[in-house]
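What follows is a single structure, written as structure tokens, with notes after it.
Number of protein chains: 2
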Amino acid sequence: MTSDNLITALHELLKAVRLMKQNSLAPVGTVGVLAAIRRHESCHMKDLAAEHALDPSTISRTIAALVRDGLVARAADPDDGRASMLRLTDRGQAVLDEVSAHYDDRLAEALSEWSPAEIDTFASSLQRFAQDLINHTPSLEVAR
Amino acid sequence: MTSDNLITALHELLKAVRLMKQNSLAPVGTVGVLAAIRRHESCHMKDLAAEHALDPSTISRTIAALVRDGLVARAADPDDGRASMLRLTDRGQAVLDEVSAHYDDRLAEALSEWSPAEIDTFASSLQRFAQDLINHTPSLEVAR
DNA sequence: CGATAGTTGTATGCAACAAGCATCACGGGA
DNA sequence: TCCCGTGATGCTTGTTGCATACAACTATCG
Numbered sequence: 001m002t003s004d005n006l007i008t009a010l011h012e013l014l015k016a017v018r019l020m021k022q023n024s025l026a027p028v029g030t031v032g033v034l035a036a037i038r039r040h041e042s043c044h045m046k047d048l049a050a051e052h053a054l055d056p057s058t059i060s061r062t063i064a065a066l067v068r069d070g071l072v073a074r075a076a077d078p079d080d081g082r083a084s085m086l087r088l089t090d091r092g093q094a095v096l097d098e099v100s101a102h103y104d105d106r107l108a109e110a111l112s113e114w115s116p117a118e119i120d121t122f123a124s125s126l127q128r129f130a131q132d133l134i135n136h137t138p139s140l141e142v143a144r
Numbered sequence: 145m146t147s148d149n150l151i152t153a154l155h156e157l158l159k160a161v162r163l164m165k166q167n168s169l170a171p172v173g174t175v176g177v178l179a180a181i182r183r184h185e186s187c188h189m190k191d192l193a194a195e196h197a198l199d200p201s202t203i204s205r206t207i208a209a210l211v212r213d214g215l216v217a218r219a220a221d222p223d224d225g226r227a228s229m230l231r232l233t234d235r236g237q238a239v240l241d242e243v244s245a246h247y248d249d250r251l252a253e254a255l256s257e258w259s260p261a262e263i264d265t266f267a268s269s270l271q272r273f274a275q276d277l278i279n280h281t282p283s284l285e286v287a288r
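See the structure below:
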């Protein structure tokens with residue numbers, strides 16, 4: 001098994017992620033969604049569901065919570081009565097900025113011993129790895 | 145933000161992990177525990193809790209499920225009436241082997257375009273990254 | 001009418017915290 | 001020396017919360 005180390009490392013990473021989640025300021029899980037909404041400028045839930053490979057119902061509840069907290073605003077889509085256009089509120093922007101900064105700090109701290117080149121190389125490899133995993137995961141059918 | 149790519153890649157990886165979990169044969173979450181028990185030969189729950197940075201209660205329930213399914217056996221610790229020594233049953237061994245093989249296959253498939261050297265380098269970096277994250281996570285208090 | 005966007009009901013897995021029960025380890029009387 | 005109280009330890013159980021899936025439903029589109 002050449003990939004034995006890799007599996008071990010993956011487990012370690014998941015543990016690290018678990019730890020980060022634990023003492024996390026804001027409710028996690030929503031952060032990715034916030035970022036996606038900002039990236040898209042304005043979008044439908046189905047886009048978010050596809051992008052994150054999550055069930056629409058999951059997105060629906062997540063969005064409901066974000067709307068409740070005033071981080072996301074819904075607006076009727078003039079072209080489709082079933083759908084809503086989602087956008088970040090000012091508060092949503094602010095919270096996303098804050099949380100992002102927090103994670104950036106965390107990462108910067110953890111990577112203080114790494115050279116910029118190392119970080120860059122690693123980020124590329126990680127990206128490639130994730131993509132390869134996703135592309136080789138059956139039952140996803142290139143949904144996007 | 146030099147780490148912007150890195151964060152994106154992390155999100156992608158988490159998505160990949162989510163996808164893998166979804167169409168996973170066996171109940172995940174227990175696999176790591178199984179592997180740890182095999183690694184330790186025989187051990188207490190507290191060891192597992194420490195190793196995985198999980199609450200003892202979480203481990204307790206996980207072990208209870210594994211015992212229920214006949215994958216793990218408890219034996220009274222002769223030296224400590226409060227604790228149990230845990231070990232894999234033959235069935236536990238078999239299941240762990242099977243599941244491991246499954247993940248190995250999955251990885252091998254995903255990494256078919258990677259050279260062994262690339263895999264090796266990446267695994268090392270990932271290991272280092274995970275360790276750095278863990279070590280820089282506060283509120284863990286060097287609990288070994 | 002069939003397909004689509006979202007919502008809601010329900011169930012599962014995983015995790016935490018709090019409270020409780022044995023058991024252990026130790027130090028001070030009788 | 002023996003026993004006992006007291007606090008620490010190992011584990012279990014009750015409860016809660018979050019993220020997720022699937023199924024059934026509503027409203028709308030085409």
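For the record, the sequence lines run as chains A and B. Counting from 1, one number per residue, gives the positions in the first sequence under our numbering. Counting from 145, one number per residue, gives the positions in the second sequence under our numbering. Virtual Cβ for every residue (Gly too), placed ideally from N, Cα, C.
Please report how far the alpha carbon of Ser244 of chain B lies from the alpha carbon of Arg74 of chain A, in whole angstroms. For this step, residue 244 of chain B is matched to residue 100 along the second sequence. For this step, residue 74 of chain A is matched to residue 74 along the first sequence. Approximately 45 Å, taken between the alpha carbons.
Sort A:Ala94, A:Asp90, A:Val72 by Cα distance to Ser84 of chain A and report the nearest one. Sequence index remark: in the first sequence, residue 84 of chain A carries index 84 (1-based). Among A:Ala94, A:Asp90, A:Val72, the Cα nearest to that of Ser84 of chain A belongs to A:Val72.
Kindly indicate the opening and closing residues of the beta strand (DSSP E) around Gly81 of chain A. For this step, residue 81 of chain A is matched to residue 81 along the first sequence. Run containing Gly81 of chain A: 80 to 88, per the beta strand (DSSP E) assignment.
Interface flag, Glu141 of chain A vs chain B, CB-CB below 8 Å: Residue 141 of chain A sits at position 141 when you count from the first residue of the first sequence. Note that Glu141 of chain A scores a pLDDT of 43, beneath 50, so its modelled location is shaky; the value from the coordinates is reported in the next line. Chain B, which has no Cβ nearer than 8 Å to the Cβ of Glu141 of chain A, makes this no.
What's the gap between the Cα of Lys46 of chain A and the Cα of Thr89 of chain A? For the purposes of this step, residue 46 of chain A is taken as the residue at position 46 of the first sequence. For the purposes of this step, residue 89 of chain A is taken as the residue at position 89 of the first sequence. Taking the straight line from one Cα to the other gives about 20 Å.
Kindly indicate if chain A contains any beta-carbon less than 8 Å away from that of Asp191 of chain B. Numbered from its first residue, the second sequence carries residue 191 of chain B at position 47. Between Asp191 of chain B and chain A, the shortest Cβ-Cβ separation is not below 8 Å.
So is Glu98 of chain A in contact with chain B if we call contact Cβ pairs under 8 Å? The count along the first sequence starts at 1 and reaches residue 98 of chain A at position 98. No, no contact with chain B.
Quick one: give me the first and last residue of the beta strand (DSSP E) that Ala197 of chain B is part of. Locating residue 197 of chain B in the second sequence gives position 53, counting from the first residue. Segment: none, Ala197 of chain B is in no beta strand (DSSP E) and carries neither H nor E.
Give the residues of chain A in contact with Lys159 of chain B, contact being defined as C-beta atoms less than 8 Å apart. On the second sequence, position 15 is the one that residue 159 of chain B refers to. Here the neighbours are His52, Ala53, Ala130, Ile134.
Could you say which of B:Met164, B:Tyr247, B:His246, B:Gln237 lies nearest to Leu178 of chain B if we only look at CA atoms? In the second sequence, counting from the first residue as 1, residue 178 of chain B sits at position 34. Distances from the alpha-carbon of Leu178 of chain B to those of B:Met164, B:Tyr247, B:His246, B:Gln237 put B:Gln237 closest.
Would you call the region 239 to 255 of chain B and the region 188 to 208 of chain B in contact, with 3 or more CB pairs under 8 Å? no
At a CB-CB cut-off below 9 Å, which residues of chain A make contact with Gln271 of chain B? Counting from one through the second sequence, the residue named residue 271 of chain B turns up at place 127. Neighbourhood of Gln271 of chain B in chain A, by CB distance below 9 Å: Asn5, Leu6, Thr8, Ala9, Glu12, Leu13, in chain order.
Please tell me whether Asp104 of chain A has its Cβ less than 8 Å away from any Cβ of chain B. Within the first sequence, the letter at position 104 stands for residue 104 of chain A. Asp104 of chain A counts as touching chain B.
Under a CB-based cut-off of 8 Å, is Val95 of chain A close to chain B? Working through the first sequence from its first residue, we reach residue 95 of chain A at position 95. So no, Val95 of chain A is outside the interface.
Would you call Lys159 of chain B buried or exposed, if buried means 16 or more other Cβ atoms sit within 10 Å of its Cβ? Mapped onto the second sequence, residue 159 of chain B falls at position 15. So Lys159 of chain B counts as buried.
Are the region 130 to 139 of chain A and the region 249 to 264 of chain B touching, with three or more C-beta to C-beta distances below 8 Å? yes
Report the three-state DSSP secondary structure of Asp105 of chain A (helix, strand or coil). As a working note, residue 105 of chain A is residue 105 in the first sequence. Looking at Asp105 of chain A - three-state DSSP - the assignment turns out to be helix.
Could you check the C-alpha separation between Leu126 of chain A and Thr281 of chain B for me, to the nearest Å? In the first sequence, the residue the question calls residue 126 of chain A occupies position 126. In the second sequence, the residue the question calls residue 281 of chain B occupies position 137. In a straight line, the C-alpha of Leu126 of chain A is about 21 Å away from that of Thr281 of chain B.
Buried versus exposed call for Ala267 of chain B [16 or more other C-beta atoms within 10 Å across all chains shown]: Position 123 of the second sequence, counted from the start, is the residue given in the question as residue 267 of chain B. Classification for Ala267 of chain B: buried.
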